[in-house]
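Please read the structure below before turning to the comments.
There are 2 protein chains.
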Amino acid sequence: MVNSADRAPERTAAETAPSEQQIVERIYAAVMEQRLPPRTRLTESMLCESFGVGRMRVRRALLLLASQGIVDLHSNKGAAVASPGRKEARDVFEARLALEPSIVRQVANRARPADLDALARHIAMEAASRNRRNRRDAIRLSGEFHLRLAETTGNAVLARMLRELVTRSSLIIGLFGTSGSPHCEEHEHAGILEALRRRDGDRAETLIRAHIMHIEADLDLSAASRAEPDLLSILGAAK
Amino acid sequence: MVNSADRAPERTAAETAPSEQQIVERIYAAVMEQRLPPRTRLTESMLCESFGVGRMRVRRALLLLASQGIVDLHSNKGAAVASPGRKEARDVFEARLALEPSIVRQVANRARPADLDALARHIAMEAASRNRRNRRDAIRLSGEFHLRLAETTGNAVLARMLRELVTRSSLIIGLFGTSGSPHCEEHEHAGILEALRRRDGDRAETLIRAHIMHIEADLDLSAASRAEPDLLSILGAAK
DNA sequence: CAGAACAAGATTGTTAACAAGATTGTCAAC
DNA sequence: GTTGACAATCTTGTTAACAATCTTGTTCTG
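Going line by line, the protein sequences match chains S and X.
Under the numbering used here, the residues of the first sequence are numbered 317 to 555, in order.
Under the numbering used here, the residues of the second sequence are numbered 317 to 555, in order.
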C-alpha cells in the first residue's frame with residue numbers, strides 16, 4: 317500500500333490546504349533553489365496531490381506563475397517550468413541593470429542601521445552555506461540577497477518586480493551558467509554592504525552594476541546552448 | 317426591450333468569445349481611459365454578460381488583474397478596481413523613475429529611424445486628440461507614449477513592467493490629480509523625442525526624469541484625499 | 001518489415017450545480 | 001421609534017462531472 321505515489325498526499329493536521337499564493341511561493345522557492353529545472357512538466361494532477369488541493373487552486377497558481385514568466389502554459393498542452401531563451405535572458409538582466417542601481421541608491425540614502433545589520437546577517441548565512449557545501453541553500457540565499465535589498469527600500473512595487481526578475485535569473489543561470497560555483501558573488505555582496513554602511517550611494521550603484529554584469533558574464537549566451545531544440549541538438553550531437 | 321441592461325451582452329458573429337488575455341486588455345484600456353474609476357465593483361456576473369464568456373474566464377482574468385495591482389480581490393467580497401493609497405502611489409512613481417530613464421537611454425542608443433518616426437506620429441495623435449477636446453483618447457495616448465518608448469527597446473520584460481506601472485498611474489492620477497488637463501505633457505513628450513533624434517541619451521534621461529516628476533508633482537499626496545475611508549470622510553464632511 | 005490509420009488512455013478546458021459567506025430588507029420586542 | 005435578531009437574496013468559492021484535445025500504443029496493410 318505504501319508506494320511512490322503517495323509521497324506527500326496527506327500532511328500533518330497543522331498544515332491546512334495552502335492558498336494559491338502559498339503554492340506560488342513554494343514553486344518560486346523550488347525554482348530559486350534549482351530543484352525544478354526548466355522544461356519540467358507540471359501536470360495538474362501531480363500538483364494536486366503534491367499540495368493536497370483541488371484542481372482549481374492549482375490552475376490559478378499556474379496562471380499566476382505563467383503571468384510572471386516562471387512557467388510556460390500552452391493551450392491543451394499543460395504547464396512546464398519556463399525555459400528562457402537567450403533573448404529573454406538578456407532582457408531580464410537588462411531589466412535588473414535598470415532596477416537594482418536605483419534600489420541600492422535608495423537603500424544607501426534611507427536604510428536604518430537595523431536594516432544594514434540584517435543584510436550583514438544574510439551575507440553571513442550565505443558564507444555559512446557555502447562553507448558547508450550546501451549548494452541548494454547557497455544558490456537560494458545568493459538570489460535572496462538582492463530581494464532583501466529591494467525589500468529594504470520599503471517599496472512593495474519594486475520588491476515584487478525584482479522578485480520576479482531574480483527568480484527568472486535562477487532559471488537562466490541553470491540553463492546558461494558555465495562555472496558551477498559563483499563564489500565571486502559572496503565577496504561582491506559584502507562590498508556592496510560596505511558601501512551602504514558608508515552611505516556611499518554612488519559607490520553602491522557602481523558595485524551592484526558590476527556585480528550584475530559579472531553574473532551575466534558567467535553565462536554562455538553565444539550560440540548553441542539548451543534552448544528550444546533541446547532533444548534535436550542532443551540527439552544530433554550524440555549520433 | 318432596448319434597455320440599459322443590454323449594453324453589450326451580445327456581439328456580432330465576428331467577435332468570438334474573448335480569451336482571458338483579451339478581457340484583461342479591455343479592462344486595462346478602460347482603466348487607462350479612466351472609464352473605470354477606482355473602487356468600481358466588478359461582479360463576476362456583470363463581467364460575464366459584458367464579455368459573453370463563462371465565469372471561469374472572468375475569474376482568471378480578475379486573478380491576473382489582481383496580481384498586477386489593477387483590481388483588489390478580497391475573499392468572499394468580490395473584485396473592485398484598485399484604489400491605490402498614497403504610499404502605493406509614491407512607490408509606483410519611484411519605480412517609474414527607476415525604469416524609464418534606462419528605457420530612454422536604450423532607445424537613444426539603439427532606436428532605428430522608423431521607430432522614432434512612429435513615436436513622432438504618436439505625439440501627433442496626442443496633439444490631435446487634445447485639440448479635438450477628446451479627453452478620453454488624450455489621457456490614453458498620453459500614457460501609451462511611455463509604453464511605446466518601452467516597446468521600442470525591444471525588451472519584452474521592461475515593456476510588460478512599464479505597462480503595469482503606467483496603468484496604475486492612470487488610477488493614481490484619477491484619484492490624486494489636481495489639474496484636470498495636463499497639457500504640459502505634450503510639450504515634454506516632444507522634447508524627449510527631440511533628444512532621442514539627436515541620440516543624446518543623457519539629455520533624454522534628464523527630460524524623462526523631469527517629466528515623471530512633473531506628473532507626480534501634479535498629484536496631491538499630502539493628506540486627506542480619497543483613500544481608504546471614502547464614505548466616512550464624505551459623510552463626516554457633509555454633516 | 002515499414003508506415004499509416006486507428007483506438008485507448010491520459011490530460012486539459014469547460015460547464016453546471018452546490019455550498020458557504022455576505023449584504024440587505026423585514027419584523028418583532030423593548 | 002429605535003434596536004436587535006432573523007430571513008431572503010445575491011455573490012463568491014468549491015466540487016464534480018463532462019467534453020475536447022493530445023499522446024501513446026496497437027494493429028492492419030502494402
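Even glycine gets a Cβ: it sits at the ideal position worked out from N, Cα and C.
- The three-state reading of DSSP puts Ala398/X in coil, since its state is none of H, G, I, E or B.
- Taking 8 Å as the threshold, the shortest C-beta distance from Val408/S to chain X falls below it.
- For the segment 515–534 of chain X, the set of positions with a beta-carbon nearer than 9 Å to some beta-carbon of chain S is empty.
- Annotation: Cβ neighbours of Val473/S in chain X (cutoff 7 Å, chain order): Asp407, Val408, Ala411.
- Chain order gives the chain S residues near Leu380/X as Leu379, Leu380, Ser383, where near means a beta carbon separation below 9 Å.
- Rounded to whole angstroms, Lys403/S and Val347/S show a C-alpha spacing of 20 Å.
- Nearest to Gln384/X by C-alpha distance, out of Val482/X, His527/X, Arg519/X, is Val482/X.
- Per the DSSP secondary-structure output, Asp388/S pairs in a beta bridge with Ala396/S.
- The shortest CA-to-CA distance from Arg452/X to any of Phe492/X, Phe367/X, His527/X, Pro353/X is the one to Pro353/X.
- If you draw a straight line from the Cα of Leu415/S to the Cα of Met362/S, it is about 36 Å long.
- Judged by pairs of C-beta atoms under 8 Å, the segment 355–375 of chain S touches the segment 334–347 of chain S, as three or more such pairs exist.
- Collapsing the DSSP output to three states places Leu474/X in a helix.
- In its chain, beyond the 5 residues on either side, Phe409, Ser485, Ile489, Pro498, Glu501 have a beta carbon closer than 8 Å to the beta carbon of Ile531/S.
- The beta strand (DSSP E) runs lying completely inside the segment 341–392 of chain X and spanning 3 residues or more are 387–390, given in chain order.
- In terms of beta-carbon proximity, Met348/X stays away from the interface with chain S, with every pair separated by 8 Å or more.
- Around the beta-carbon of Met529/X, fewer than 16 other beta-carbon atoms lie within 10 Å, marking it exposed.
- By the Cβ criterion, the segment 390–407 of chain S is not in contact with the segment 389–399 of chain X, since fewer than three pairs of Cβ atoms, one from each stretch, lie closer than 8 Å.
- Within the segment 414–429 of chain X, the residues whose Cβ lies closer than 7 Å to some Cβ of chain S are Ala414, Leu415, Ser418, listed in chain order.
- Counting other Cβ atoms within 10 Å of its Cβ, His527/X reaches 16 or more and is therefore classed as buried.
- The beta carbon of Arg376/S sits closer than 8 Å to some beta carbon of chain X.
- Among the residues of chain S, those whose CB is under 8 Å from the CB of Met477/X are Ala411, Met477, following chain order.
- Assigned with DSSP and collapsed to three states, Leu432/S falls in helix.
- Taking a cut-off of 8 Å on C-beta distances, the segment 454–470 of chain X touches the segment 422–438 of chain X, as three or more cross pairs fall below it.
- A direct Cα-to-Cα measurement between Cys364/S and Ala377/S gives close to 11 Å.
- Distance from the Cα of Pro417/X is smallest, within the candidate group Leu512/X, Thr522/X, Ala475/X, Val473/X, for Thr522/X.
- Per DSSP, Arg452/S is one residue of the alpha helix (DSSP H) stretching across 451–468.
- DSSP places Arg519/S inside the alpha helix (DSSP H), whose first and last residues are 517–533.
- With a 10 Å radius around the Cβ and a threshold of 16 neighbouring Cβ atoms, Glu341/S comes out exposed.
- Contact between Met477/S and Ala411/X holds: CB atoms are separated by about 7 Å, below the 8 Å threshold.
- Per the DSSP secondary-structure output, Gly493/X pairs in a beta bridge with Leu535/X.
- Collapsing the DSSP output to three states places Thr483/X in a helix.
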